[in-house]
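Note that the sequence shown covers residues 298 to 641 in the numbering used here.
For each residue, glycine too, the CB sits at the ideal point set by N, CA and C.
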Amino acid sequence: MTRTSINFSSRIKFWVISIALPVCLFSDSPLRLSWPTPNPAFARGMGYSAFIQKTGPSKEFSSGVFGCVRNNGYKFHEGLDLYPLKRDRQGQAEDRVFAAMKGTIVHLNKNSAHSAYGKYLVMEHSDLQPSLYTLYAHLASIEPNLQKGSIVDVAKPLGKMGNSASYFIPLERSHLHFEIGLRLTDEFQLWFSRKDFKTANRHGNYSGFNLVGIDPIPFYASFQKKSFSKPIEYLRSLPIQTKVRIKTKKIPDFVIRYPTLAPTFKKGSTFKAWDCSFGPFGIPLRLDPSTQSSTKDPMIKILSFDLAMQNKPCRKLVLKEGSNFVPSDQLKTYLELIFGLNLG
Ligand SMILES: [Zn+2]
298 MTRTSINFSS RIKFWVISIA LPVCLFSDSP LRLSWPTPNP AFARGMGYSA FIQKTGPSKE
358 FSSGVFGCVR NNGYKFHEGL DLYPLKRDRQ GQAEDRVFAA MKGTIVHLNK NSAHSAYGKY
418 LVMEHSDLQP SLYTLYAHLA SIEPNLQKGS IVDVAKPLGK MGNSASYFIP LERSHLHFEI
478 GLRLTDEFQL WFSRKDFKTA NRHGNYSGFN LVGIDPIPFY ASFQKKSFSK PIEYLRSLPI
538 QTKVRIKTKK IPDFVIRYPT LAPTFKKGST FKAWDCSFGP FGIPLRLDPS TQSSTKDPMI
598 KILSFDLAMQ NKPCRKLVLK EGSNFVPSDQ LKTYLELIFG LNLG
């Protein structure tokens with residue numbers, strides 16, 4: 298038995314005998330998925346308290362999950378915070394962090410001061426469609442043999458969990474910040490340079506601005522239940538929060554990179570605009586070229602939106618202004634990044 302070929306019936310036994318190894322899930326599915334820490338609690342169906350790092354002693358465990366969970370719901374948290382099972386005598390986390398899926402290391406940041414993510418690395422999983430990214434942040438260390446371009450198999454070690462960040466995270470709140478999602482553009486620097494941020498972009502296309510996450514918990518749960526076998530099936534099951542038409546004839550690299558998210562696009566076809574469907578918290582789920590745009594249409598035309606899905610105070614895509622509904626700055630930012638536009 299190898300780490301990556303554990304079948305369902307032997308999984309419990311494996312955890313009992315070897316708690317410090319990765320928790321490999323669903324190896325008989327086309328998507329080979331591993332929990333990114335050695336903690337088997339999620340796969341055993343245990344609650345948040347068994348694996349989620351909350352933001353403070355008096356806070357709820359839900360403060361460490363994905364969504365509008367920070368600052369009374371006004372601040373978005375793009376991933377999961379997962380606590381360590383083991384610590385040394387000084388209280389340093391000892392848990393290793395594992396690749397959630399097979400993929401390529403596309404970015405490593407070894408200088409904590411250079412990012413709110415601290416020491417972090419990003420993988421892209423180009424065997425999949427769409428080619429998801431995963432991100433592993435606040436690491437104490439990165440495996441010394443890893444570099445940009447390294448191919449890492451599912452469940453292989455990436456580094457050690459820690460509390461590194463450009464801000465202060467107390468040792469007792471050491472955790473892995475873990476994300477899964479999609480990348481908006483290959484030309485992030487062009488957008489960043491236009492925005493006059495007063496800081497350097499040290500992370501190329503792997504700045505958090507350019508990464509849009511999905512909630513890892515239902516993602517893992519759906520593959521555990523074998524509801525889906527491929528990421529595209531999962532993404533297609535997500536509800537559409539907002540659909541907009543943007544008046545541009547540009548062909549964004551997003552469409553070329555993720556062809557399964559643009560199934561109606563044909564090279565060489567003529568169109569006037571793009572219909573863009575965004576899922577929960579703004580994940581772009583589908584782009585379709587459209588011939589329907591008229592000269593009277595605004596640059597961004599809201600085609601539909603689900604107000605009930607916008608019941609949280611953060612990451613709203615559509616805002617009410619008087620009797621009108623208008624695109625939020627967040628939605629404009631996503632569209633700017635995807636299409637390389639300046640929407641003011
Ligand atoms: Zn986090």
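### Message
Whole angstroms are fine: how far does the CA of residue 618 sit from the CA of residue 401?
### Response
44 Å
### Message
Between residue 435 and chain B, is any beta-carbon pair separated by less than 8 Å?
### Response
The question asks about chain B, but that chain is absent: this structure has only one protein chain.
### Query
How many Å lie between residue 300 and residue 383 at the Cα?
Reliability of the predicted coordinates at residue 300 is poor, the pLDDT of 41 falling under 50, and the value obtained from them is presented with this limitation in mind. Going from the Cα of residue 300 to the Cα of residue 383 covers about 20 Å.
#### Entry: Contact check, residue 420 vs residue 449, beta carbons under 8 Å
yes
#### Entry: Residues sharing a beta bridge with residue 574, DSSP
DSSP lists 540, 583 as partners of residue 574.
### Message
For ligand 1, I want to know if residue 378 counts as a neighbour, meaning its beta carbon is within less than 7 Å of at least one of the ligand's heavy atoms.
### Response
yes
### Message
Given this structure, state the Cα-to-Cα distance separating residue 486 from residue 480, to the nearest angstrom.
### Response
13 Å
### Task
With a threshold of 16 other CB atoms inside 10 Å of the CB of residue 307, please say whether the residue is buried or exposed.
The predicted position of residue 307 is uncertain, since its pLDDT is 39 and thus under 50; no value can be drawn from it.
### For residue 530, the first and last residue of its enclosing alpha helix (DSSP H)
Counting along the chain, the alpha helix (DSSP H) containing residue 530 begins and ends at 528 to 534.
### Task
Could you tell me which residues DSSP pairs with residue 417 in its beta bridges?
406
### Query
Tell me which same chain residues have a C-beta within less than 7 Å of the C-beta of residue 350, skipping the five on either side of it?
361, 378, 379, 380, 470, 472
### Message
Closer than 8 Å is the cut-off here; do at least three beta carbon pairs connect the stretch 532 to 541 with the stretch 601 to 612?
### Response
yes
### Message
Quick check: what's the CA-CA separation for residue 569 versus residue 543?
### Response
9 Å
### Query
For ligand 1, is there a heavy atom less than 7 Å away from the beta-carbon of residue 374?
yes
### Query
Buried or exposed: which applies to residue 392, given that a residue is buried once 16 or more other Cβ atoms fall within 10 Å of its Cβ?
Per the 10 Å Cβ criterion, buried.
### Query
Going by DSSP, what residues sit across from residue 394 in a beta bridge?
Under DSSP, residue 394 shares a beta bridge with 456.
### Message
Just verifying my parser: in three-state terms, what is the DSSP assignment at residue 640?
### Response
coil
### Task
Compute every distance between the C-beta of residue 474 and the non-hydrogen atoms of ligand 1, then say whether any falls below 7 Å.
Short note on residue 474: C-beta closer than 7 Å to some heavy atom of ligand 1.
### Query
From residue 581 to residue 366, what distance separates their C-alpha atoms?
21 Å
### Message
Tell me which residues share the same chain as residue 503 and place their Cβ nearer than 6 Å to its Cβ, disregarding the 5 neighbours each side in the sequence.
### Response
So the qualifying residues of the chain are 404, 419.
### Query
Relative to the alpha-carbon of residue 433, which residue among 628, 635, 622, 333 has its alpha-carbon at the smallest distance?
333
### Task
Compare the Cα-Cα distances from residue 611 to each of 372, 562, 458 and report the closest residue.
372
#### Entry: Residue from 407, 529, 474 with nearest C-alpha to residue 441
When only C-alpha atoms are compared, the closest one is 407.
### Task
Classify residue 642 as helix, strand or coil using the three-state DSSP reduction.
The structure shown does not extend to residue 642, since the chain is modelled only from 298 to 641, so the question has no answer here.
### Query
In terms of residues, what are the limits of the beta strand (DSSP E) holding residue 624?
621 to 624
### Message
According to DSSP, is residue 429 part of a helix, a strand, or is it coil?
### Response
If DSSP states are grouped into helix, strand and coil, residue 429 belongs with coil.
### Whole-angstrom C-beta distance between residue 510 and residue 363, which should lie under 8 Å
7 Å
### Query
Assuming residue 561 and residue 594 make a contact with CB atoms under 8 Å, what is their CB distance in whole Å?
Not quite, the Cβ-Cβ distance comes to about 19 Å (not below 8 Å), so this is no contact.
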